Amino acid sequence: MSVALKLDNVTKTFTQNGKTIAAVDDLSLDIQPGEFFTFVGASGCGKTTTLRMIAGLETVSSGKILFDDQDVTNVTTQKRGIGMVFQDIALFPFMSIRDNIGYPLKVAGMPKSQIAQKVEAAADLLSITDKLSMRPTQLSGGQQQRVAIGRAIVKEPKILLLDEPLSALDARLRTEMRTEILRLHRRINATIVYVTHDQVEAMTMSSRVAIMEAGRAAQVDTPRQVFRAPRYESVATFIGTPAMNVWDMQVTGKAGQPVLQGGGMTVALTREDAAALDGFRWVRMGVRPAALKIVPQDEADFSAVLHLREPLGFEDECHLETADGTDIKLVGRVPDTLVEGASLHIAVDRADYCIFHPDTGKALRHGLAPLTAA
Amino acid sequence: MTREFAWRWMRFLWLAVGMLFVCFPLYWMAVTALTPRTELFRPPYDVIRFSYSLENIRELLSATQFLTFMGNSLIVALGTVVINVMASTLAGYALSRFEFRGKKTFVAATLWTYMFPPILLAIPLYLVFSYIGLRNSYGGLILAHVSISLPLNVWIMWQYFQVVPRSLEEAAWTSGASRLRALIEVLLPSALPGIISAAIFSFALSWNDFAFAFILQTDIAMFTLPVGLATFVEQSAIHWGLIMASSLIVSLPTFALVFFLQRYLMHGFSIGK
Amino acid sequence: MANTNQAREGAWISAAIAPSLILLLIVAYLPILYALSLAFYDKSAFRPDMEWVGLANAEWLLAQKDFWAAMGRSVVFTLGTVGFQLAFGLFFGLLLNQAIAGRSVMRSLVILPYLLPTIVIGLVFRWILNPEFGVVNQLLLSSGLIDRPINFFGGIDAAMPSIIITTGWQYGSFAVLLILARLQSINPRLYEAARSCGAGTWRCFVDVTLPNLRTTLLLIALLRGIWMFNKFDLIWIITQGGPLQATETLPIYIYEIAFRDFDFGRAAAGCVAIFIILLLFSFIYFKFFNPTKEVEVNR
Amino acid sequence: MNRIVRTSGATGRRVISRRGLLRTGAALGAGVAMPGLISRAAWAQDAKKLTFISEESSPKAQAVYDRINADFEKETGIKVTMEYPGFANIAQRVATLIASGTPAELVWYGTGSAMEVGLQDQLADVSDLVSEFDIPDNLRLVMNGKDRSVATSQQFVYGWYRSDLYEEAGIDPYSDWPGYLAAVEKLNNPPSHYGNVVPSAQSGASHLLMETMMQKNDAHWFALNDAGEYEVALDQGDNFSRVVETLEYLHQMHQFSPEGSNYGWGDLMSQYFTGRVANSYYVGARLLEQTLANAPDLAPKTKPISLPAKATDNYYLSVQGFHIGAGSNEDGARQYIQFFLNHPAYVDWLHSVPLHIIPAKREILQSEAYQDNDVIQQRMDVLEFLDSIWGKGRAPYYWDGDKLNPYVGVYQNDNLGGWMLAARNIGKQDAESVVREAAEQIRTKMADLR
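Residue numbers (the working numbering), protein chains in the order written: chain A, 24 to 397; chain B, 74 to 346; chain C, 140 to 438; chain D, -1 to 448.
Next comes the structure, spelled out in structure tokens:
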């Protein structure tokens, strides 16, 4: 089966103040037909640049981009046959909605009757049929976004690129549009490449995500894998709200019975983890707030004082402080009787914690399974 | 309540005084234009006149080459507008969309052309235009007028394109439109206010220019209005009636422009001459 | 790496800049360079040849009392006209910024003088301010404000102020528009905030309006300053520098060197002098204003 | 080509051809961009073309030019392009053309202005035409032994007055300086009207009044020294007191005049025909023509009169004629002058401003053809007046001596006489210091001539 989109050692460099900066650094990945693939990362990580290179809006400094095994690196945007939705929506303000959606078809020289038909179909799909004669400014943000999507898909592109399409919308609309886009993905038969800085969008919508950091893909995986089995500390802390607790811990204990100590905590580890810790005197330990449990004193790994609890609904987010002042976040169903200032006993869920290399941040062990080789 | 009332009337009063200052010269120009020649030099005048005479205007149209001048002015102004709009749109587009060597120098040089006292450009311009055989031609004067309005218009268009989001153009490209097509179908409509204000300025500068037309158009059949107007001052006694009549007629297209297109002017005025 | 996109961009840049560049080269850059180079030559208007004299023209010019006197008048004229335009602009800008019936007609009228041919303005003002036939003198006399006509453009003391007011009439609208545009872009919330802090009309003006107008006012002062310093046509049409030399500004003085003494070389040296002074202005402009930023403010 | 290109002497200064410099520049830009336009270059002189700049631009004169030019083109195939820059700008136009290396073939304007051009060797020798048409000696412009001007016409500076006001006041028109002053004082009745008009501006209208009155008082700008060279005489000896006396006299006259601090020629006429002044003056009869046009009822009461003589009965003489640009299509220009002066429409041309454009030769003035004109028929008094002062005129460059004075332009271009009047009447400077300052200005400029 051919690869819908292949990035082959793609690099993009800029020269700024005489210095060469790599915005995208030797990026390689394959995207399969029909995938919903998301680039996620903080601003400046190179995700948008990557998308723009895929679109042909930025030139590639080195490397290749292939669509269906065809090298398109030097093909202009116009000839790549993509559809794209822009962050600022970018509807043509002086055209009606009908003309906006139909524009790609008009450029392609399609007969008017056929354009009208296709525009109707796209509008129907996006439930904006009644808005076709209006101007973009007469529409709400969410409706405008639908129009932009309509314009991008009307030509039935094989690859649909979306550059932070929801960032201009308010929170409620964002959630709504998320579902909308997913529904759309199922109905049209396109490969979607999606860029966002919002990890929730990335995690909820994508079939696979690429976590971008400083021009590189730190991890390319399914959302579940990324959450449960982050390859790097940075990926682990980027994904998940509230963020994963990460502590510097000293490796002590007898051989085969490692104990991590630090920040007023002592966590005895299982035999299986011993291999991962081999040769390290210090490691970083990461525990998701939900992987911490309030337990009776005898089952506890350590104690901490409850400082603040923020109700999230079913659960609470608790800010704790250990004996030496390390902050810890815990998410869980906490008994209402516990008040701020109470001393709690905490245990780490042995099935769901990570150990990171103290210098490189690479995961030595994560929640799904112990990694055997470092 | 009373304070507010007093305040409003104060404002109204000041505005009235100011408008009187602005309008009175224009009003008197119109009145003079419509005053018969024999009454022109017989003060005191009635500040508010009820009897008007078209004598001056009739003389202007029949006994002078006013219509020729007017035609010349129109041709030159329209030519200036067309060339200006095309050249400045392209240049503004390039300046806003591309980085290239010499961009800063080009912009600075463009601004600096404004700092040169125009009076002494007479000789070199005359030389250049003689050399390329463009004296006493519409083309030559159009070029000269382009030279005074183009720097400003490049500036205007540059700024206009800067506020047209790039993504509009990119959206057109991803829709399959070529760069040229995107420029014409998407960018130009978006920058229309800028283009209109550039056009108005080109028109106004050309319509008003005296210095260049005076240097380059030596054949009376090629005179533009301002130069032609100057001939009414020359030679014989100053014929105020004729002068005011032609001033009035010259002002009308400008007033129409201003009235109908003022909202575009507001933008264009943010920079410029 | 060869890239067709880049090659296309190059072609686009060339094609887009070329028309303007070539036009400006022929009708602006080259003539200006030529005119500047004349400053180093002995060039009589009545001879087609010219002779290199180095800085002799500049030396001669700097030794002329009239040159410095004209420079002084230019400074007075520039300060006067720019000051007038700023005051005029603020006055109308503030008044027209408020909702008033007929505002758009008034706005058109205020803009109109700016777009009228200078020769029309010069002649109209000569006519209405004429001491014998001028309607202004007639009105002033009949209202009893004066008992003999004022020789506006012909009086040694009156000529410069009269010219300044005429120029202000022509160009004040420029300032009005700029200031109006800026005023309309001030966020009304700022006024609400100031009001809620107990500020009255005056404090609102000082604390909200003025700081917002600061750059605009500076911009007008600078750009208009450059233009007023170069102003020639209106003065020439009205007074030709007279009476005596009361309105002989630098450009007029230079014009007289060129076409009364017929010495193009020295006149060019005068142009260089003006050019240098204005370049200083422009450096200030470039230093304090990022030209690309302005538009964001003004839209 | 017989253009004389001045080259520097032994000073070793570099002479740069303007063309060379320009060609490089223009070719750089224009050559690359607009080859099509360059092919139209009008740089080289064309034997089938003439550019004719005329100071006279009244509509009637233009019509005559058009007729003659059409006939000329029919006969010779040479096309004549007319330019009418107006008298305030004609010197500038001529200079610009010469400086550009494209001198006009023909310039019809005052010999005083032409002299400046001639001094730079930019006028062709027209001695043959002068002898062919037998131009009177006092109208010739001879430089380096060659004629540079083919005089066609002339004007005298004289006064115009309102006979009705004189009659009302019961006084006779003036004949001497005190009489003029007394009449002006008597007729002065502001703000209804003033006694006379003394323009006090740095304008030609102002300058010429001063210069004329100086001539009437035998006061001179220059005097020939023992070496036969002209030197400034304004502030020298008895001449100084005569100049001061003239200035003081006009200052007294100014008490009975509108302020006139920016008056030009147009103001002289409009002040007169609007009835604002009882006396005015002009170079020629255009004032009468304008009065006819603007105030027909005033015209019959408008009479010519000599400005009063004091020490001499001299008239300031303004001569106009054809001048041929050196290095232009000189042959074509010569043909044209011959054609023009022999054309039947020549008389119509003289009539384009009747009684203002006075023929060079008295025979023509007295000829029937010339007198066959409505205005002239109505105003034979003016014709008789002109005939009576015939031959008394003296061009300014011959005023200070029989040798042509090459320095006239030094004070005329500046309208220095006008400046003197302005400084005395408007600036309230005392007459002696005004004259001394004027003399110094002339000396500085002379020292500066390069």
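C-beta: ideal position from N, C-alpha, C; glycine also.
None of these values were measured; they are calculated from a predicted model.
For residue j and residue i, the rounded distance between their alpha carbons
| i | j | result |
| --- | --- | --- |
| B:Leu163 | C:Leu255 | 29 Å |
| C:Ala154 | A:Asn40 | 28 Å |
| A:Val218 | A:Gly173 | 18 Å |
| D:Ile133 | D:Thr150 | 8 Å |
| A:Gln101 | A:Asp53 | 23 Å |
| A:Phe10 | A:Ala327 | A question about residue 10 of chain A goes unanswered here, because the residues of chain A that appear run from 24 up to 397. |
| C:Phe401 | D:Ile51 | 19 Å |
| D:Asn327 | D:Ala45 | 6 Å |
| C:Leu358 | D:Ala86 | 38 Å |
| A:Leu148 | A:Glu338 | 38 Å |
| B:Asn157 | C:Leu419 | 29 Å |
| D:Asp295 | D:Trp106 | 34 Å |
| A:Ala314 | A:Asp372 | 5 Å |
| A:Ala402 | A:Ala297 | What the structure shows of chain A is the stretch from 24 to 397, and residue 402 of chain A is not part of that stretch, so it cannot be assessed. |
| D:Trp347 | D:Ala293 | 24 Å |
| C:Tyr330 | C:Gln237 | 14 Å |
| C:Tyr392 | D:Gln213 | 30 Å |
| D:Asp64 | D:Lys47 | 15 Å |
Given residue i as reference, the closest of the options once Cα atoms are compared
| i | options | result |
| --- | --- | --- |
| B:Val306 | D:Trp175, D:Pro256, D:Gly262, D:His249 | D:Gly262 |
| D:Leu127 | D:Gln60, D:Ser365, D:Gln336 | D:Gln336 |
| D:Thr300 | D:Ala112, D:Leu290, D:Ala436 | D:Leu290 |
| A:Met157 | A:Thr82, A:Ile112, A:Thr73, A:Arg121 | A:Arg121 |
| D:Leu206 | D:Leu285, D:Ser316, D:Val230 | D:Ser316 |
| B:Val331 | C:Val249, C:Glu198, C:Arg405 | C:Val249 |
| C:Glu271 | D:Glu257, D:Lys401, D:Pro394 | D:Glu257 |
| C:Arg328 | C:Cys343, C:Ala314, C:Arg212, C:Leu284 | C:Cys343 |
Residue-chain proximity (residue i, chain C), Cβ-Cβ < 8 Å
| i | result |
| --- | --- |
| D:Ser111 | no |
| D:Val115 | yes |
| D:Glu142 | At residue 142 of chain D the sequence reads Asn, which differs from the Glu that was named. No, no contact with chain C. |
Residue i at chain B interface by Cβ criterion, 8 Å
| i | result |
| --- | --- |
| C:Gln384 | no |
| D:Ser125 | no |
| C:Leu352 | no |
| D:Gly264 | yes |
| D:Thr100 | yes |
| C:Leu169 | yes |
| C:Phe344 | no |
Closer than 8 Å to chain D by CB, residue i
| i | result |
| --- | --- |
| B:Tyr199 | yes |
Interface flag, residue i vs chain G, CB-CB below 8 Å
| i | result |
| --- | --- |
| A:Gln101 | Protein chains A, B, C and D are contained in the structure displayed, whereas chain G is not. |
Beta carbon proximity, residue i to chain A, threshold 8 Å
| i | result |
| --- | --- |
| B:Pro238 | yes |
Check: Would the stretch 366 to 373 of chain C and the stretch 385 to 392 of chain C be scored as touching if the rule is three or more Cβ pairs under 8 Å?
Finding: Between the stretch 366 to 373 of chain C and the stretch 385 to 392 of chain C, the count of Cβ pairs shorter than 8 Å is three or higher; the stretches touch.
Item checked: Segment contact flag, the stretch 259 to 276 of chain D with the stretch 122 to 142 of chain D, C-beta cutoff 8 Å, min 3 pairs -> The stretch 122 to 142 of chain D and the stretch 259 to 276 of chain D do not touch, with fewer than three beta-carbon pairs separated by less than 8 Å.
Checklist line | Against chain D: residues of the stretch 114 to 133 of chain B by CB proximity under 8 Å | finding: Here the close residues are Phe114, Arg115.
Margin query: Please identify, using Cβ separations under 8 Å, the residues of the stretch 127 to 152 of chain A that lie next to chain B, in order along the chain.
Written below: Residues passing the 8 Å Cβ filter: Pro127, Val130, Ala131.
Next item on the list: Closer than 8 Å, Cβ to Cβ, to anything on chain B: give me those residues from the stretch 70 to 83 of chain D, in chain order.
Entry: Considering only beta carbons, the part of the stretch 70 to 83 of chain D lying closer than 8 Å to chain B consists of Thr79, Met80, Glu81, Tyr82, Pro83, in chain order.
Next item on the list: Count the C-beta pairs between the stretch 234 to 254 of chain D and the stretch 149 to 167 of chain D that are closer than 8 Å, then say yes if the count reaches three, no if not.
Entry: Between the stretch 234 to 254 of chain D and the stretch 149 to 167 of chain D there are fewer than three inter-stretch CB-CB distances shorter than 8 Å, so the stretches are not counted as touching.
Check: Along the stretch 254 to 270 of chain C, what residues have a CB closer than 7 Å to any CB found in chain B?
Finding: The residues in question are Leu254, Leu255, Pro256, Thr257, Ile258, Val259, Leu262, Val263, Phe264, Trp266, Ile267.
Next item on the list: Could you list the residues in the stretch 158 to 189 of chain B with a C-beta less than 8 Å from some C-beta on chain A, going in chain order?
Entry: Here the close residues number zero.
Next item on the list: Take every Cβ of the stretch 69 to 82 of chain D, pair it with every Cβ of the stretch 111 to 131 of chain D, and state whether three or more of those distances are shorter than 8 Å.
Entry: Under the 8 Å Cβ criterion, the stretch 69 to 82 of chain D does not count as touching the stretch 111 to 131 of chain D, having fewer than three qualifying pairs.
Next item on the list: Say whether the stretch 274 to 288 of chain A touches the stretch 304 to 314 of chain A, bearing in mind that this needs 3 or more beta-carbon pairs closer than 8 Å, one atom from each stretch.
Entry: As far as the Cβ criterion goes, the stretch 274 to 288 of chain A touches the stretch 304 to 314 of chain A, which means the pair count is three or higher.
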